[in-house]
Amino acid sequence: MPDITPADRALRLGVAGPVGTGKSSLIATVCRSLADDLRLGVITNDIYTDEDARFLRSAGVLEPERIRAVETGACPHTAIRDDITANLLAAEDLERDFAPLDVVLIESGGDNLTATFSPALVDAQIFVLDVAGGGDVARKGGPGIGRADLLVVNKTDLAPYVGVDVPQMVADASEARDGRAVLALSRTDAASVAALRTWVLGVLESHRRGTHVPQDPGPMAPHFHADEEHPGGGFVHTHDAASEHEHESRSADEVHVHSPARK
Ligand SMILES: Nc1nc2c(ncn2[C@@H]2O[C@H](COP(=O)(O)OP(=O)(O)OP(=O)(O)O)[C@@H](O)[C@H]2O)c(=O)[nH]1
Ligand SMILES: [Mg+2]
Numbered sequence: 038m039p040d041i042t043p044a045d046r047a048l049r050l051g052v053a054g055p056v057g058t059g060k061s062s063l064i065a066t067v068c069r070s071l072a073d074d075l076r077l078g079v080i081t082n083d084i085y086t087d088e089d090a091r092f093l094r095s096a097g098v099l100e101p102e103r104i105r106a107v108e109t110g111a112c113p114h115t116a117i118r119d120d121i122t123a124n125l126l127a128a129e130d131l132e133r134d135f136a137p138l139d140v141v142l143i144e145s146g147g148d149n150l151t152a153t154f155s156p157a158l159v160d161a162q163i164f165v166l167d168v169a170g171g172g173d174v175a176r177k178g179g180p181g182i183g184r185a186d187l188l189v190v191n192k193t194d195l196a197p198y199v200g201v202d203v204p205q206m207v208a209d210a211s212e213a214r215d216g217r218a219v220l221a222l223s224r225t226d227a228a229s230v231a232a233l234r235t236w237v238l239g240v241l242e243s244h245r246r247g248t249h250v251p252q253d254p255g256p257m258a259p260h261f262h263a264d265e266e267h268p269g270g271g272f273v274h275t276h277d278a279a280s281e282h283e284h285e286s287r288s289a290d291e292v293h294v295h296s297p298a299r300k
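Mapping the sequence shown onto the working numbering, position 259 (from 1) lands on 296, and the numbers just tick up by one.
Spelled out as structure tokens, the structure:
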């Protein structure tokens, strides 16, 4: 049997970003604008439910069977970065059941600013911020903001109500990204939706030509996971390359825990 190269399978496109920034809605928008031209599938990740998959099925953007849910049961970044098995199996199942697919969109559960996909799971990734999270967030950097293939500044229609200067936020984001792509998006702004469609088609074309190289935006910062069975205990979870998956047990008072500004 011939080897399967990345270009022979669907483009796997990750969508990450903090809770509520509009990841599911962006996926619905992409599906609406491309479903007539491409064969699409979607995988959602939720911690405890299949809510996002149900939202997308009820939006009627794709046949319901093409939308699969992974319940992570843990911090969302675990399933998109540390142990990607459940997502890889879901992607392979979808690609087999509906072969040939052109694009599989994978939505991360909403996480903090440092969560990104492993390049072993996705070929390209979009990081989604929204104007309602504050115009200064784009300046704060981090692996997703700095190095995702595309940074989306979403819900620009809300900018006048939350006092955010969108061109300034986009300029700050471009600076934080050394000029990598930034897109100001609102599902109510047809021109921005057309630009998103063009971006996805461009990445798909590079993927098919074999010229697209998946990038690793970089690991998330070390952080503390509480141990629910042993109150006061837990482990420090590091993601740097040398100690990927390392879990160092500590009691809570030994560890300096930073509460993320946003979950
Ligand atoms: N005004 C406006 N609201 C939007 C837009 N996109 C999404 N929303 C709203 O923002 C809220 C969150 O959208 P979702 O798409 O569920 O966000 P999400 O990032 O998938 O959320 P989680 O998966 O829970 O992290 C919903 O109420 C959407 O209707 C937009 O372009 N403009
Ligand atoms: Mg969602």
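Even glycine gets a Cβ: it sits at the ideal position worked out from N, Cα and C.
Could you check whether the Cβ of R91 sits closer than 7 Å to any heavy atom belonging to ligand 1? No, ligand 1 has no heavy atom inside 7 Å of this Cβ.
If you check the beta carbons only, do A90 and R105 fall under 8 Å apart? Yes, these two residues count as a Cβ contact at 8 Å.
Pick helix, strand or coil for F154, following the three-state DSSP scheme. Looking at F154 - three-state DSSP - the assignment turns out to be coil, as it is neither helix nor strand.
Would you list the one or two residues that DSSP bridges to N191? Answer by DSSP bridge pairing, in chain order: D167.
For D194, is the beta carbon positioned less than 7 Å from some heavy atom of ligand 1? True, at least one ligand heavy atom lies under 7 Å from that Cβ.
Excluding the 5 residues preceding and the 5 following A139 in the sequence, name in chain order all residues of the same chain whose CB lies nearer than 8 Å to its CB. One point to set straight first is that residue 139 is Asp, not Ala, in the sequence displayed. By the criterion of a C-beta distance shorter than 8 Å, D139 is surrounded in its chain by A47, L48, L75, R76, L77, L241, once the five residues flanking it on both sides are discounted.
Between the Cα of D119 and the Cα atoms of G200, G59, S62, L158, which residue gives the shortest distance? Distances from the alpha-carbon of D119 to those of G200, G59, S62, L158 put L158 closest.
Between which two residues does the beta strand (DSSP E) containing I143 stretch? Looking at the DSSP string, the run of the beta strand (DSSP E) that includes I143 is 140–144.
Range of the contiguous beta strand (DSSP E) that encloses I174: Inspection of the sequence shows that residue 174 is occupied by Val rather than by Ile. In the DSSP annotation of this structure, V174 is not part of any beta strand (DSSP E), being labelled neither H nor E.
Y198 versus G170, R224, E132, residue with shortest Cα-Cα distance: The closest CA to that of Y198, considering only G170, R224, E132, is found on G170.
Express the C-alpha separation of I84 and C112 in angstroms, rounding to a whole number. C112 and I84 have their alpha carbons spaced roughly 7 Å apart.
For G269 and L144, the rounded distance between their alpha carbons: Residue identity differs from the one stated: residue 144 is Glu in this sequence, not Leu. When rounded, the distance between both Cα atoms is 32 Å.
Where does the unbroken beta strand (DSSP E) through D202 begin, and where does it stop? Element bounds for D202: n/a, residue is neither H nor E.
Hey, T58 and V165: beta-carbon distance below 8 Å or not? Contact flag set, yes.
Element boundaries [beta strand (DSSP E), containing N82]: Residues 77–83.
Beta-bridge pairing of L50 - partner residues as DSSP gives them: DSSP lists L142, A161 as partners of L50.
Relative to the C-alpha of V190, which candidate in C68, A136, P180, I163 has its C-alpha closest? Ranking C68, A136, P180, I163 by Cα distance to V190 puts I163 first.
May I ask whether a heavy atom of ligand 1 can be found less than 7 Å away from the beta carbon of T58? At least one heavy atom of ligand 1 is nearer than 7 Å to the Cβ of T58, so yes.
Quick check: does the Cβ of S61 come within less than 7 Å of any heavy atom belonging to ligand 2? Yes, the Cβ of S61 comes within 7 Å of a heavy atom of ligand 2.
Helix, strand or coil: how does DSSP classify E100 here? Here DSSP, grouped into helix, strand and coil, assigns E100 to coil.
When the Cα of G216 is compared with those of D194, I182, V237, A196, which residue comes out closest? Closest option to G216, judged by alpha-carbon separation, among D194, I182, V237, A196: I182.
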